[in-house]
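Undergrad: Input: one structure, supplied below.
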Amino acid sequence: MIAQMTLRHIPDEVGKSLRMKAKKSGRSMNRAAIELLEVALEIRARDSKRRDLSRFAGQWNPEECRTFERNTRVFEQIDPEVWPK
């Protein structure tokens with residue numbers, strides 16, 4: 706691990722943006738800069754806290770998929786009493 710790194714001639718806008726990002730996230734400027742570098746260098750995903758279901762994609766076999774589709778087909782029907790035109 707590199708113990709220290711010095712960056713020179715940082716544009717004002719970059720410095721201000723980094724300071725604001727650090728303050729907003731409650732992190733030090735150093736921590737914010739490291740996290741931004743990790744994302745930019747593709748060492749770490751941009752959003753490490755994924756909130757989607759992508760980890761489940763492709764996990765079902767064809768029979769499980771057919772069963773799920775058969776069991777949830779009822780949800781594709783619109784009840785006219787509940788949703789009149």
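Its first residue numbered 706, the sequence shown is counted upward by one per residue in the working numbering. We treat Cβ as the ideally placed atom computed from N, Cα and C, and that holds for glycine.
(1) What first and last residue would you give for the alpha helix (DSSP H) that runs through serine 722?
(2) Could you compute how far the alpha carbon of isoleucine 783 sits from the alpha carbon of arginine 732?
(3) Specify, as a first and last residue, the run of the alpha helix (DSSP H) that arginine 775 falls within.
(4) Confirm, please, whether the CB-CB distance from lysine 721 to alanine 737 is below 8 Å.
(5) Do you know offhand how far serine 730's Cα is from glutamine 709's?
(6) Report the rounded CA-to-CA distance for arginine 778 versus leucine 742, giving the unit in angstroms.
TA: Taking the structure as given:
(1) Segment 717-730, the alpha helix (DSSP H) holding serine 722.
(2) Taking the straight line joining both Cα atoms gives about 49 Å.
(3) Segment 767-777, the alpha helix (DSSP H) holding arginine 775.
(4) Not in contact: alanine 737 and lysine 721 (Cβ atoms no closer than 8 Å).
(5) Inter-residue distance for serine 730 and glutamine 709 is about 23 Å (C-alpha atoms, whole angstroms).
(6) Arginine 778 and leucine 742: Cα-Cα distance of roughly 46 Å.
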